[in-house]
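**Q**
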Amino acid sequence: MEKIHIVGVGPGSRDYLLPIALKAIEGSDTLLGSPRLLEMFSYMADKKTVTLSGSPSEALEIISKRGRNERMAVLVSGDPCFFSLGSSLAASLPEDQYEIIPGLSSVSLAFSRLGISWQEGTFVSVHGRPLDSLNGLQKETGPIAILTGGLNNPMEVASKLLKIGVSDRKCWTMSNLGTDDEKVESTDLSDLSEEDRASWPSLTLVLLEPRS
Ligand SMILES: C[S@@+](CC[C@H](N)C(=O)[O-])C[C@H]1O[C@@H](n2cnc3c(N)ncnc32)[C@H](O)[C@@H]1O
1 MEKIHIVGVG PGSRDYLLPI ALKAIEGSDT LLGSPRLLEM FSYMADKKTV TLSGSPSEAL
61 EIISKRGRNE RMAVLVSGDP CFFSLGSSLA ASLPEDQYEI IPGLSSVSLA FSRLGISWQE
121 GTFVSVHGRP LDSLNGLQKE TGPIAILTGG LNNPMEVASK LLKIGVSDRK CWTMSNLGTD
181 DEKVESTDLS DLSEEDRASW PSLTLVLLEP RS
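For the sequence shown, counting from 1, position 64 maps to 64 in UniProt numbering; every step adds exactly one.
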């Protein structure tokens with residue numbers, strides 16, 4: 001069987017794609033991914049594409065039905081092992097049947113944009129996870145990056161953070177990092193908790209600077 005490539009395609013534009021990732025994608029017959037990620041490679045007209053909604057079981061089902069010589073790449077945003085499909089696919093596939101190709105995480109790019117270190121950071125996702133995942137952050141003193149998504153938008157995140165006692169932090173909302181629509185805005189949690197925007201971009205994270 002051909003190895004499955006689980007490929008991190010970076011935060012959203014081909015500029016941030018590793019050459020080895022491009023090579024794996026070019027060498028594949030079939031690309032699996034969300035519509036947004038498949039669109040990044042739509043210029044490769046010879047590829048069969050399969051749209052994924054994001055669940056590991058769906059991807060595993062499609063992988064299990066691949067042809068013996070079919071070369072398949074699963075496209076994932078950012079880095080595959082950071083709040084993504086990489087580790088769950090790796091846990092379910094035989095070791096010799098997959099290779100994970102890392103990608104630049106949205107969080108890595110976020111810290112670069114602000115020029116602050118991320119080695120002391122705390123990383124939380126409320127994308128498809130409860131806001132209670134933020135509980136306990138009031139004890140942290142280093143920078144905190146929070147992946148938002150769906151109903152858990154930056155306004156809800158800020159309200160929850162204020163509720164659990166995080167207040168003295170300079171904070172940033174960062175949307176569509178690495179794309180032409182990138183937006184990086186400085187704010188504070190009380191302003192953000194009142195920013196009832198009709199819709200936040202689906203690719204948005206909140207970054208809290210270290211407590212000073
Ligand atoms: C399922 S997680 C995947 C994270 C990904 N594995 C990574 O390393 O960036 C998706 C969330 O990551 C964040 N995200 C991904 N790409 C982004 C970007 N280009 N700009 C801002 N946030 C982004 C958003 O919070 C989004 O809801």
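We put the CB at the ideal spot given by N, CA and C, even for glycine.
DSSP state of A145, grouped into three classes?
**A** Residue state, collapsed to three classes: strand.
**Q** Of all the options E194, L203, L22, I6, which has the alpha carbon lying nearest to the alpha carbon of A91?
**A** Of E194, L203, L22, I6, the residue nearest in Cα terms is I6.
**Q** Relative to the alpha-carbon of K3, which residue among D180, R66, T148, R129 has its alpha-carbon at the smallest distance?
**A** Out of D180, R66, T148, R129, R66 has the C-alpha closest to the C-alpha of K3.
**Q** At the level of alpha carbons, what is the spacing between D96 and P102?
**A** Their Cα atoms are separated by approximately 17 Å.
**Q** Identify which residue in I62, S57, L104 has its Cα closest to the Cα of L32.
**A** The shortest Cα separation from L32 among I62, S57, L104 belongs to I62.
**Q** Is the Cβ-Cβ distance between K9 and R113 less than 7 Å?
**A** Per the sequence shown, residue 9 should be read as Val rather than Lys. No; because the gap between Cβ atoms is not below 7 Å, this pair is not in contact.
**Q** Tell me the DSSP secondary structure of K47 in three-state form.
**A** Coil.
**Q** Drop a sphere of 10 angstroms on the beta-carbon of N69, count the other beta-carbons inside from all chains shown, and report buried for 16 or more, exposed for fewer.
**A** Exposed, by the Cβ-count rule.
**Q** Could you tell me how far apart the beta carbons of L207 and P130 are, in whole angstroms, since I believe they sit closer than 8 Å?
**A** Not a contact, Cβ separation roughly 20 Å.
**Q** Measure from the alpha carbon of K47 to the alpha carbon of each residue in D29, S64, S55, then state which is nearest.
**A** Answer by Cα proximity: D29.
**Q** Could you please give me the residues that DSSP links to N152 through a beta bridge?
**A** The partner list for N152 (beta bridge, DSSP) reads G149.
**Q** Using a Cβ-Cβ cut-off of 8 Å (strictly less than) and excluding sequence neighbours within five positions of V76, which residues of its own chain qualify?
**A** Same-chain partners within the cutoff: I6, V7, G8, V9, G33, L37, S84, L85, G86, G103.
**Q** My output table needs one value for M1: the three-state DSSP class, helix, strand or coil.
**A** Coil.
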